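Novice: Supplied in structure tokens, the structure appears directly below.
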């Protein structure tokens, strides 16, 4: 499919958000959130199509993110600027396909136009048990030579499976299984929400 | 070769889907250890003298568990196909399908059935 159609569609999304929120910080936040929701699903397509397997260190992850950029945006960013601790790196885009045909007007200087990418990366990483922070440190739309996205590894997310699974079994022995299945688990955007919902969620299941 | 049933679990161990083709309630004596064939690929299998269980787990922790008779082959490929061609296409690509709730899409169930019935490992008669 033509990349231009995508670029223009994204452009109208950003324009619409600017109209709806009238505040660039809110638009930045919304874009990140939408990206997060996309990333949660996109990771499955990436795993299915590229079959990359699990990551064993962050350099491995960086390579796979590079691979994903190639697959979904048709660009090959370079990976670099590792910090001494090895838990932070940059993705450098010579050209940003999302920001083609774009010029930021003066009142939008605070806008992180491609912020959806930050959300996508965060959402996708979270689905493979990695909490990361993602932010832009250089943007061609703001006069920088390249577009640079910084990624910092925060922590590995642990599974909370065994306890919940046992409770579900106990419950399904006394109640019809549909009630077990329908019980809502987390659907929050942030991991803090998710963690704070967990105890409540499992307590609900034992009842 | 016969395919018995399939379970799909999400990352929290919640069951997303159950499908059944042939059900024979037999457990049998365990003949082998549950030993990972290749951890990197997330595939694991064990066998009793009555059936064989195959587990395929994606890096995103979605689990596909398929029970077959003890001699079925090519199941690893079938599970991968179920993930890429059925789960991803009919659940992940469907914005109306929540990812952490049991799957209600009929299209998904129909496509799953089709893929399993077309697989070489499927035979309508129990062995």
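Chains as they are written, first to last, in UniProt numbering: chain A, 1 to 207; chain B, 1 to 127.
Backbone N, C-alpha and C define an ideal beta-carbon position, used for all residues, glycine too.
Here the structure is a predicted model, which is why all the values come from computation and not from measurement.
Of all Cβ atoms in chain A, is any one closer than 8 Å to the Cβ of residue 50 of chain B?
Specialist: By this cut-off, residue 50 of chain B is not an interface position.
Novice: What first and last residue would you give for the beta strand (DSSP E) that runs through residue 150 of chain A?
Specialist: Note, residue 150 of chain A: beta strand (DSSP E), 147–156.
Novice: Per DSSP, what are the beta-bridge partners of residue 138 of chain A in this structure?
Specialist: The partner list for residue 138 of chain A (beta bridge, DSSP) reads A:148.
Novice: Can you have a look at residue 104 of chain B and say buried or exposed, based on whether 16 or more other CB atoms are within 10 angstroms of its CB?
Specialist: Burial call: exposed.
Novice: Find the residues of chain A that neighbour residue 68 of chain B, judging by a C-beta separation of less than 9 Å, and give them in chain order.
Specialist: Here the premise fails: no neighbours, minimum Cβ distance about 22 Å.
Novice: Going by other Cβ atoms of all chains shown within 10 Å of its Cβ, with 16 needed for buried, is residue 225 of chain A buried or exposed?
Specialist: Outside the shown range of chain A, which is 1 to 207, sits residue 225 of chain A, and nothing can be said about it.
Novice: Using beta-carbon positions only, say whether residue 121 of chain B and residue 73 of chain B come within less than 8 Å of one another.
Specialist: Yes. Within cutoff.
Novice: Out of B:70, B:109, B:71, B:14, state which residue places its alpha-carbon closest to the alpha-carbon of residue 86 of chain B.
Specialist: Closest option to residue 86 of chain B, Cα to Cα, is B:109.
Novice: In terms of DSSP beta bridges, what is residue 94 of chain A paired with?
Specialist: DSSP, once it has assigned bridges, lists no residue as partnering residue 94 of chain A.
Novice: Count the CB pairs spanning the segment 40–53 of chain A and the segment 123–140 of chain A that are closer than 8 Å, and state whether there are at least three.
Specialist: Cβ pair count under 8 Å is three or more, so yes.
Novice: From what residue to what residue does the beta strand (DSSP E) around residue 186 of chain B run?
Specialist: Residue 186 of chain B lies beyond the range of chain B shown here (1 to 127); nothing can be said about it.
Novice: Measuring only the C-alpha atoms, how far is residue 53 of chain B from residue 156 of chain A?
Specialist: The alpha-carbon atoms of residue 53 of chain B and residue 156 of chain A are separated by roughly 30 Å.
Novice: Please tell me whether residue 88 of chain B has its Cβ less than 8 Å away from any Cβ of chain A.
Specialist: It does; some Cβ of chain A falls within 8 Å.
Novice: If you check the beta carbons only, do residue 25 of chain A and residue 119 of chain A fall under 8 Å apart?
Specialist: No, the Cβ-Cβ distance between residue 25 of chain A and residue 119 of chain A is not below 8 Å.
Novice: Does residue 59 of chain B get closer than 8 Å to chain A when you measure Cβ to Cβ?
Specialist: Output row for residue 59 of chain B: interface = yes.
Novice: Could you give the uninterrupted runs of the beta strand (DSSP E) lying entirely in the segment 55–127 of chain A, keeping only those of 3 residues or more?
Specialist: Listed in chain order, the complete beta strand (DSSP E) runs (minimum 3 residues) inside the segment 55–127 of chain A are 78–80, 88–93.
Novice: Are any of the Cβ atoms in chain B nearer than 8 Å to that of residue 24 of chain A?
Specialist: Residue 24 of chain A does not count as touching chain B.
Novice: When you compare each of A:72, A:52, A:141 to residue 58 of chain B by their alpha carbons, which one comes out closest?
Specialist: Closest by alpha carbon: A:52.
Novice: Going by DSSP in three states, residue 93 of chain B sits in which element: helix, strand or coil?
Specialist: In this structure, residue 93 of chain B counts as coil in the three-state DSSP scheme.
Novice: What do you get for residue 115 of chain A, buried or exposed, if any count of 16 or more other CB atoms within 10 angstroms of its CB means buried?
Specialist: Per the 10 Å Cβ criterion, buried.
Novice: Determine the closest residue to residue 242 of chain A out of A:18, A:136, A:158, with distance taken between C-alpha atoms.
Specialist: Beyond the ends of chain A as shown, which are 1 and 207, falls residue 242 of chain A; an answer cannot be given.
Novice: What residues in the segment 120–133 of chain A bring their beta carbon closer than 8 Å to a beta carbon of chain B?
Specialist: Cβ contacts with chain B: 127, 128, 129.
Novice: Which residue's Cα is closest to the Cα of residue 16 of chain B: B:62, B:113, B:79, B:70?
Specialist: For residue 16 of chain B, the nearest C-alpha among the options comes from B:62.
Novice: Assuming residue 214 of chain A and residue 100 of chain B form a contact by the criterion Cβ under 8 Å, report the distance between their Cβ atoms to the nearest whole angstrom.
Specialist: Outside the modelled stretch of chain A, which goes from 1 to 207, sits residue 214 of chain A, for which no answer is possible.
Novice: Output, in chain order, the set of chain A residues within a Cβ distance shorter than 8 Å of residue 65 of chain B.
Specialist: Those do not exist, as residue 65 of chain B stays about 13 Å from chain A at its closest Cβ, beyond 8 Å.
Novice: Is the shortest distance between the beta-carbon of residue 6 of chain B and the beta-carbons of chain A less than 8 Å?
Specialist: Chain A, which has no Cβ nearer than 8 Å to the Cβ of residue 6 of chain B, makes this no.
Novice: What does the alpha-carbon distance come out to for the pair residue 203 of chain A and residue 14 of chain B?
Specialist: Residue placement at residue 203 of chain A cannot be trusted, given a pLDDT of 36 that sits under 50; the coordinates are not used to answer.
Novice: Count the CB pairs spanning the segment 138–148 of chain A and the segment 57–69 of chain A that are closer than 8 Å, and state whether there are at least three.
Specialist: At 8 Å Cβ cutoff, the stretches do not touch.
Novice: Check whether the Cβ of residue 62 of chain A lies closer than 8 Å to any Cβ atom in chain B.
Specialist: It does not; no Cβ of chain B falls within 8 Å.
Novice: Answer with yes or no whether the minimum CB distance from residue 53 of chain B to chain C is below 8 Å.
Specialist: Absent here is chain C; the protein component of the structure consists of chains A and B.
Novice: Less than 8 Å between the C-beta atoms of residue 113 of chain A and residue 141 of chain A, yes or no?
Specialist: Cβ atoms of residue 113 of chain A and residue 141 of chain A: closer than 8 Å.
Novice: Under 7 Å between beta-carbons, which chain B residues line up against residue 59 of chain A? List them in chain order, please.
Specialist: The premise fails here: residue 59 of chain A is roughly 16 Å from chain B at the closest Cβ pair, so nothing lies under 7 Å.
Novice: Going by other Cβ atoms of all chains shown within 10 Å of its Cβ, with 16 needed for buried, is residue 9 of chain B buried or exposed?
Specialist: Its Cβ being crowded by 16 or more others within 10 Å, residue 9 of chain B is buried.
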